[in-house]
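If you count the sequence shown from 1, you need to add 42 to reach this note's numbering.
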Amino acid sequence: MSTHREAKFPDKDYVEPTPMPSSIPHVDELGVTSAPLKSASFFIGEHCQKYNEDFMLCKAEDRNPEHCLKEGRKVTRCAQDLITKVRSTCLAEFNAHWECLERNNQVSKIGLPSPPSRARAEIDLRDWVSVQEFYLCRKPERVFNSCVFEKLKLAKNIPGSPEDKPQIHDKTWPIYGPIQK
43 MSTHREAKFP DKDYVEPTPM PSSIPHVDEL GVTSAPLKSA SFFIGEHCQK
93 YNEDFMLCKA EDRNPEHCLK EGRKVTRCAQ DLITKVRSTC LAEFNAHWEC
143 LERNNQVSKI GLPSPPSRAR AEIDLRDWVS VQEFYLCRKP ERVFNSCVFE
193 KLKLAKNIPG SPEDKPQIHD KTWPIYGPIQ K
């Protein structure tokens, strides 16, 4: 007995076969991969803050995914708006930053800094994640951040950072680990 399974090709876009309810307005997907999304993430957070907060309040109100579809669409529409603005004003800087993140995409074990030296067959891949590290791309990030600030008046602020200290991406000589004195 055999079963049939449709082939999935990663070079083609996946389209969800189940249509959205007619009461939910249609919104196209962002059309960007994880690196451009991560590159613009702090600006999306600032630009779309009120929509994100509405969405999170809705999710806290009712855990049913259908309940917050409209709010989710507003978040997507806002993110699309920002990505379009960034591409039209700071395309070269945006591309340089997200391409750096993509080039420096690292695979590491959850909780550990580097991959193991064991044979691949011995590795449980569920414990590994692909990570795009910001610290490897600070130079193009500074150029991108200044362009977005100059042209869109959006500043990168990391939530939860101390108010009285400079943000990590603004430091000229950041220290990432403990120093022996």
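By construction, the Cβ of each residue, glycine as well, lies at the ideal position given by its N, Cα and C atoms.
- Relative to cysteine 142, the option among Tyr93, Phe85, His68, Gln174 whose CA is nearest is Gln174.
- Per the DSSP secondary-structure output, asparagine 94 pairs with nothing in a beta bridge.
- In this structure, DSSP gives asparagine 137 a helical state, which the three-state scheme calls helix.
- Excluding sequence positions up to five before and after isoleucine 66, its CB lies within less than 8 Å of the CB of Leu111, Lys112, Arg115, all in the same chain and listed in chain order.
- In this structure, the beta-carbon distance from leucine 196 to glutamate 95 does not fall below 8 Å.
- Residue pairing by DSSP places asparagine 147 opposite Gln174 in a beta bridge.
- Contact check for serine 81 against phenylalanine 136 passes: the beta carbons are separated by less than 8 Å.
- When the beta-carbon positions are compared, valine 57 and arginine 119 stay at least 8 Å from each other.
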